[in-house]
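Here is the structure we will look at, set down as structure tokens.
In the working numbering, the protein residues as written are 927 to 1413.
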């Protein structure tokens, strides 16, 4: 082990990431010795988890480990500042934590989602990898837990019970801010921009899937933009609970083995490292015995999914055709739609968005159910919650990006079809109701439908309306009102 000449203190070396050894090496934990792959930094507890929880193909999202790197870095900085950890150990741990945060050590974080519900094995995976990488950087021998130990040094003042939910919150905030919000915002802006250009295009409205009174295409599209923006605001509000961190509560929320001020100082350090307003959770028993902030935040993702499903379904129905459907919208033709029907093009981006929304709603059911399973001082359903949350955030973000790029931006109007629907609608009779009364107007509409005539012909035949009154009253553009504040 490299050491300086003065005091024998190990020296941090610039050793590239990687282990060239083949075969296995011996690692140990409190239960004994375990052989692990010699080209991996993990230790005994990680290897035990791989053996006992080889379930499916669902791996713990790497974003959790990146967030965990921030937790371990913050704890090392706080422990060193208080004199509990030598600076040379701090430097080695921080270097390995930075590599974890950057994703450079992703290959060494292999665990499955389906593991202990507290996330202990993922916490130990991080402790072992950071410890062994620190040992390597200090010129030591991997597997000896010297001069850096996974429990005593990397995990100093911590428990899986308080650090795993902390990593969950950090990863979730990062997914919301870096992935989801930018794409949802761009989608809403694009829809609103398209709406602004179509504010004077009158179309027939539909309620109960039946003809209704007119509105403009722009008004309809602004309704979609409004839904998405409202969902976006709810997601932003949901972050408040995620900013509260459990770290410092240790095993059951009492903070046993964590020094005084540790919770506050680590949360402040995490806030500084991430640029996010993280604070120590004021009630560690709630923070560790429940996962309520995660449940509420995912419910906000579900709300976005609901809005996106409405928009995608409306678009694909309005684009149905091209000859035998509604045919008001013309969606971009991105790819052939059938292996047997030449020339067929389908609303594939809309369909993908609907499937994404369905998946997010399913994820939300799992998150809510798992959130209800806290027992006493611990909710032990954490891995499934963070896996579903990050999955939902990712597919919503990607889905919004593709939906905007390959569907919304290129959508055009079939103005002739829209005009024909307006001219053929009998629900324009609604404007006559204040003039001749509801019952008389209803009989005119019924007559037009029954006899297959135009509304104008039925109105004139009724004797209740002359041509001048009809032309003055039945003016579709005058019927659309405003519908938007300040418009």
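Even glycine gets a Cβ: it sits at the ideal position worked out from N, Cα and C.
Runs of 4 residues minimum, wholly inside the stretch 934-982: which ones carry the alpha helix (DSSP H) assignment? Whole alpha helix (DSSP H) segments, 4+ residues: 970-978.
Secondary structure, beta strand (DSSP E): runs of 3+ residues fully inside the stretch 1180-1208: none
If you check the beta carbons only, do residue 1120 and residue 1169 fall under 8 Å apart? Within the chain shown, residue 1120 is the residue found at index 194, counting from 1. Within the chain shown, residue 1169 is the residue found at index 243, counting from 1. Contact flag unset, no.
Measuring only the C-alpha atoms, how far is residue 990 from residue 1104? Counting from 1 along the chain shown, the entry for residue 990 is found at position 64. Counting from 1 along the chain shown, the entry for residue 1104 is found at position 178. Straight-line Cα distance between these residues: approximately 15 Å.
In the DSSP output, what is residue 1045 paired with across the bridge? Residue numbering aside, residue 1045 sits at position 119 when the chain shown is read from its first letter. For residue 1045, which the question treats as bridged, DSSP gives no partner whatsoever.
If residue 1414 and residue 1217 are in contact, beta carbons under 8 Å, what's the gap, nearest whole angstrom? Nothing about residue 1414 can be read from this structure; the chain reaches only from 927 to 1413.
Measure the CB-CB distance between residue 1185 and residue 1083 and report whether it falls below 8 Å. If you number the chain shown from 1, residue 1185 lands on position 259. If you number the chain shown from 1, residue 1083 lands on position 157. Cβ distance < 8 Å, so residue 1185 and residue 1083 count as in contact.
In chain order, what residues of the same chain lie with their CB nearer than 6 Å to the CB of residue 1143, ignoring the 5 residues before and after it? Translated into the one-based positions of the chain shown, residue 1143 becomes position 217. These residues qualify, in order along the chain: 1124, 1127, 1129.
Suppose contacts are defined by Cβ-Cβ distances below 8 Å. Is residue 1057 in contact with residue 1074 by that definition? For the purposes of this step, residue 1057 is identified with residue 131 of the chain shown, where counting begins at 1. For the purposes of this step, residue 1074 is identified with residue 148 of the chain shown, where counting begins at 1. The Cβ atoms of residue 1057 and residue 1074 lie closer than 8 Å to each other.
Separation of residue 1319 from residue 1278, as counted between CA atoms: Locating residue 1278 in the chain shown gives position 352, where the first residue counts as 1. Locating residue 1319 in the chain shown gives position 393, where the first residue counts as 1. So the two alpha carbons sit approximately 15 Å from each other.
According to the Cβ coordinates, are residue 948 and residue 970 closer than 8 Å? Position 22 of the chain shown, counting from 1, holds the residue named residue 948. Position 44 of the chain shown, counting from 1, holds the residue named residue 970. No; because the gap between Cβ atoms is not below 8 Å, this pair is not in contact.
I need the boundaries of the beta strand (DSSP E) containing residue 1393, first residue and last residue. Along the chain shown, one-based indexing puts residue 1393 at 467. Unbroken run through residue 1393 is the alpha helix (DSSP H), 1393-1399; no beta strand (DSSP E).
Taking residue 1113 as the reference, which of 1066, 1054, 1233 has the closest Cα? Translated into the one-based positions of the chain shown, residue 1113 becomes position 187. Nearest option by C-alpha distance: 1233.
Candidates 1345, 1283, 1237: closest to residue 1152 by CA position: What you label residue 1152 is simply residue 226 of the chain shown in a count that begins at 1. Here the closest residue by C-alpha is 1237.
Residue span of the alpha helix (DSSP H) that contains residue 1032, given as start and end: As a position in the chain shown, residue 1032 is number 106, starting the count at 1. Counting along the chain, residue 1032 falls outside any alpha helix (DSSP H), and DSSP gives it neither H nor E.
Spatial distance of residue 1255 from residue 1351 (CA atoms): Locating residue 1255 in the chain shown gives position 329, where the first residue counts as 1. Locating residue 1351 in the chain shown gives position 425, where the first residue counts as 1. Between residue 1255 and residue 1351, the C-alpha separation is close to 18 Å.
Hey, how far is the Cα of residue 1391 from the Cα of residue 1371? Translated into positions along the chain shown, residue 1391 becomes position 465. Translated into positions along the chain shown, residue 1371 becomes position 445. C-alpha separation (whole angstroms): 13 Å.
Measure the alpha-carbon distance for residue 1413 versus residue 1146 and round it to whole angstroms. Translated into positions along the chain shown, residue 1413 becomes position 487. Translated into positions along the chain shown, residue 1146 becomes position 220. Its pLDDT being 49, under 50, residue 1413 is placed unreliably by the model, and nothing is read from it.
Given residue 1029, which residues of its chain have a CB within under 7 Å of its CB, disregarding the five upstream and five downstream residues? Locating residue 1029 in the chain shown gives position 103, where the first residue counts as 1. If we look at residue 1029 and ignore the five residues flanking it on each side, its Cβ neighbours are 988, 992.
Residue 1404 by DSSP, collapsed to three states: which one? On the chain shown, position 478 is the one that residue 1404 refers to. Note: residue 1404 maps to helix in three-state DSSP.
Rounded separation between residue 1307 and residue 968 - CA only: The residue labelled residue 1307 in the question sits at position 381 within the chain shown. The residue labelled residue 968 in the question sits at position 42 within the chain shown. Distance between the alpha carbons of residue 1307 and residue 968: 24 Å.
Please classify residue 1068 as buried or exposed, where buried requires at least 16 other C-beta atoms within 10 Å of its C-beta. As a working note, residue 1068 is residue 142 in the chain shown. When all chains shown are included, residue 1068 counts as buried.
Count the other CB atoms within 10 Å of the CB of residue 1079; is the residue buried (16 or more) or exposed (fewer)? In the chain shown, the residue the question calls residue 1079 occupies position 153. Buried.
DSSP state of residue 1066, grouped into three classes? As a first step, residue 1066 must be located in the chain shown, where it is residue number 140. Coil, per DSSP.
Closest residue to residue 1010 among 1188, 995, 1294 (Cα-Cα distance): Counting from 1 along the chain shown, the entry for residue 1010 is found at position 84. Ranking 1188, 995, 1294 by Cα distance to residue 1010 puts 1188 first.
Determine the direct distance from the alpha carbon of residue 1154 to that of residue 1321, and round the result to whole angstroms. One-based indexing of the chain shown puts residue 1321 at position 395. One-based indexing of the chain shown puts residue 1154 at position 228. Roughly 16 Å separates the two Cα atoms.
Separation of residue 1247 from residue 1380, as counted between CA atoms: Walking along the chain shown from the start, residue 1380 turns up at place 454. Walking along the chain shown from the start, residue 1247 turns up at place 321. Those two C-alpha atoms are separated by around 24 Å.
Measuring alpha carbon to alpha carbon, tell me which of 973, 1172, 1262, 1249 ends up nearest residue 1220. Sequence index remark: in the chain shown, residue 1220 carries index 294 (1-based). Closest option to residue 1220, Cα to Cα, is 1172.
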